[in-house]
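Everything below concerns the one structure shown next.
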Amino acid sequence: MKYQRVRGMRDILPEDTARWREVEGVVIDVLRRYGYREIRLPLLEATEVFSRGVGEATDLVEKEMYTFDDRKGKSLSLRPEGTASCVRACIENGLLHNRTQRLWYHGPMFRYERPQKGRTREHTQIGAEVFGIPGPEVDAEILVMLARVFRELGVGSAVSLEINSLGSGESRTRYREALVDYLSPRRDELDADSRRRLATNPLRILDSKVATTRDIVAGGPDLAGYLDENARARFDALCDQLDAAGVGHRVNPRLVRGLDYYTDVVFEWVTRDLGAQDAVCSGGRYDGLVERLGGRAVPGAGFGMGLDRVLLLHQALVERRYTDADVYVAVTGPHGPRAAQVAEQVREQTRLRVVQHAGLGGLRSQLKEADRSGARWAVIVGDDEVAENRVSLKALREESDQTMVDVEELLARLGPSAQSGE
RNA sequence: GUGGAUGUAGCUCAGCAGGUAGAGCCCCGGAUUGUGGAUCCGGUGGUCGUGGGUUCAAGCCCCAUCAUCCACCCCA
Numbered sequence: 185m186k187y188q189r190v191r192g193m194r195d196i197l198p199e200d201t202a203r204w205r206e207v208e209g210v211v212i213d214v215l216r217r218y219g220y221r222e223i224r225l226p227l228l229e230a231t232e233v234f235s236r237g238v239g240e241a242t243d244l245v246e247k248e249m250y251t252f253d254d255r256k257g258k259s260l261s262l263r264p265e266g267t268a269s270c271v272r273a274c275i276e277n278g279l280l281h282n283r284t285q286r287l288w289y290h291g292p293m294f295r296y297e298r299p300q301k302g303r304t305r306e307h308t309q310i311g312a313e314v315f316g317i318p319g320p321e322v323d324a325e326i327l328v329m330l331a332r333v334f335r336e337l338g339v340g341s342a343v344s345l346e347i348n349s350l351g352s353g354e355s356r357t358r359y360r361e362a363l364v365d366y367l368s369p370r371r372d373e374l375d376a377d378s379r380r381r382l383a384t385n386p387l388r389i390l391d392s393k394v395a396t397t398r399d400i401v402a403g404g405p406d407l408a409g410y411l412d413e414n415a416r417a418r419f420d421a422l423c424d425q426l427d428a429a430g431v432g433h434r435v436n437p438r439l440v441r442g443l444d445y446y447t448d449v450v451f452e453w454v455t456r457d458l459g460a461q462d463a464v465c466s467g468g469r470y471d472g473l474v475e476r477l478g479g480r481a482v483p484g485a486g487f488g489m490g491l492d493r494v495l496l497l498h499q500a501l502v503e504r505r506y507t508d509a510d511v512y513v514a515v516t517g518p519h520g521p522r523a524a525q526v527a528e529q530v531r532e533q534t535r536l537r538v539v540q541h542a543g544l545g546g547l548r549s550q551l552k553e554a555d556r557s558g559a560r561w562a563v564i565v566g567d568d569e570v571a572e573n574r575v576s577l578k579a580l581r582e583e584s585d586q587t588m589v590d591v592e593e594l595l596a597r598l599g600p601s602a603q604s605g606e
């Protein structure tokens, strides 16, 4: 084989795209029902949008970006996530001027990582961001909405919600200092990654999976204990609202997000069904980000959902038979033009998917193909039919006799099943 | 970036100790001159990931390389 896809990129084949469309359709539909508007963003940004927005010391920026210089030597990066681009676009286009925004976007993200189950270098996210609403009711709105998304997708039983609060700027800084003070004397007992993070991003040490590090951290200062009154009240209010809405959740005090812009509430929807890559959707509040990227101080909150992973769950949990056609038109002899005419009439009068047989093949093989296409009906146009100015209609998914009908009756018979079966 | 496993037909795989490739599914045709889904019969299809090396002889042994998968790491 001469050419193959670039490592970590993937082809989504016709046998899977119908399911993709269904899943994307459900998610987008829910977002629209909550009043979110679509924004379309470029795949490419100035590298600085991410290094400043996401954070210089994050793994994402440090080692996972596809970064290159353009022909004039300007550093560009394929977007590794959506929030920073979205904020940049909102500032640049004046979308945040004295008004709130509920936005969603959809598309591929790129991260230079080692591929494995549930993780590729190109993946698709649907994300949403809300700007200009400081209160916890937005955090609740987002999580209630996501619970609905998973429920309506039919994967609600496979995911669960974990939440935590990182505190707002000041309390977070105080906690960070306390944590460093506690860990520094024990530096030698930490694993290598955590030692490095002690200087760059100490909060990340909290969710280390190394057992010895976990034990050390467990004896250290407690993030929750450092929350100021505001953050504490906000988090409690959120938990109350989730309870009131019947959205199950678990407070995970070790939940720390990998991106620097998060403040206060952070959350992660996780699953046990995807091996090591257990996060399906995550997000939180990022009140300082707009300012950091050059805008006015505008509060924000949002999430990113990994559709590839959602698809894996959907595939495992939701039985579906996706078909390629509703009506398959078989034709014999020289009656191609007449068959095409009938097919067009059906398309004109219904929303059904009509495939007309093309190329060679006897009636037998045409019906075989009709069966394979998943069509519910076969329409046959041959000598006998044309002689009577009618067509034969045969139901492929139920036991019933084949009948010869004129076009008017054909349309009447197909009419009741006129919604496409896709 | 680290570790382990795997690359043979479109797909899933077999190939025993080195002797120039097999099965099932799929697809095509026939049994059924204009009738699918079941059954039976026949057929198409392979530079054995790639490049070197060892050997009279390599799918099998050696080296390199690429890719995939799983885990670490990280995240969606």
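Under this note's numbering, the residues of the first sequence are numbered 185 to 606, in order.
The beta-carbon is built from N, C-alpha and C at its ideal position, and this holds for glycine as well.
Following the continuous beta strand (DSSP E) through residue i, name the residue where it begins and the one where it ends.
i           : result
residue 309 : 306-315
residue 534 : Counting along the chain, residue 534 falls outside any beta strand (DSSP E), and DSSP gives it neither H nor E.
residue 230 : 228-230
What does the alpha-carbon distance come out to for the pair residue i and residue j?
i           : j           : result
residue 427 : residue 365 : 37 Å
residue 433 : residue 352 : 21 Å
residue 187 : residue 304 : 19 Å
residue 469 : residue 449 : 6 Å
residue 494 : residue 294 : 17 Å
residue 371 : residue 389 : 12 Å
residue 556 : residue 518 : 24 Å
residue 218 : residue 344 : 21 Å
residue 430 : residue 520 : 59 Å
residue 561 : residue 215 : 36 Å
residue 510 : residue 579 : 11 Å
residue 334 : residue 296 : 28 Å
residue 194 : residue 464 : 19 Å
residue 189 : residue 306 : 12 Å
residue 191 : residue 292 : 15 Å
residue 451 : residue 531 : 47 Å
residue 239 : residue 402 : 26 Å
residue 575 : residue 503 : 35 Å
residue 203 : residue 591 : 33 Å
residue 598 : residue 516 : 22 Å
residue 298 : residue 247 : 11 Å
residue 535 : residue 594 : 14 Å
residue 568 : residue 596 : 21 Å
Where DSSP assigns a beta bridge to residue i, which residues make up the other side?
i           : result
residue 253 : 259
residue 453 : 345, 465
residue 611 : Only positions 185 to 606 of the chain appear in the structure, and residue 611 is not among them; the question remains open.
residue 564 : 514, 576
residue 447 : 469
residue 417 : Answer by DSSP bridge pairing: none, since residue 417 is not bridged.
residue 589 : 575
residue 287 : 221, 313
residue 540 : 513
residue 485 : 314, 469
Could you tell me the boundaries of the alpha helix (DSSP H) in which residue i lies?
i           : result
residue 318 : From DSSP, residue 318 is part of no alpha helix (DSSP H); its letter is neither H nor E.
residue 500 : 491-501
residue 365 : 353-367
residue 223 : Segment: none, residue 223 is in no alpha helix (DSSP H) and carries neither H nor E.
residue 299 : Per DSSP, residue 299 belongs to no alpha helix (DSSP H) and is neither H nor E.
residue 265 : Here residue 265 belongs to no alpha helix (DSSP H), and DSSP marks it neither H nor E.
residue 549 : 547-557
residue 245 : 243-247
residue 432 : Where residue 432 is concerned, there is no enclosing alpha helix (DSSP H), given that its DSSP letter is neither H nor E.
residue 410 : 407-410
residue 379 : 376-384
residue 398 : 395-402
Checking 8 Å against the spacing of the C-beta atoms, do residue i and residue j come in under that value?
i           : j           : result
residue 436 : residue 346 : yes
residue 506 : residue 539 : no
residue 482 : residue 316 : yes
residue 350 : residue 271 : no
residue 231 : residue 269 : no
residue 466 : residue 415 : no
residue 242 : residue 486 : no
residue 476 : residue 410 : no
residue 236 : residue 320 : no
residue 400 : residue 374 : yes
residue 523 : residue 589 : no
residue 287 : residue 264 : no
residue 392 : residue 378 : yes
residue 223 : residue 479 : no
residue 314 : residue 326 : yes
Decide yes or no for the touch test of the segment 303-316 against the segment 208-227: beta carbon pairs closer than 8 Å, at least 3 of them.
yes
Do the segment 455-462 and the segment 251-258 meet, that is, are 3 or more Cβ pairs less than 8 Å apart?
no
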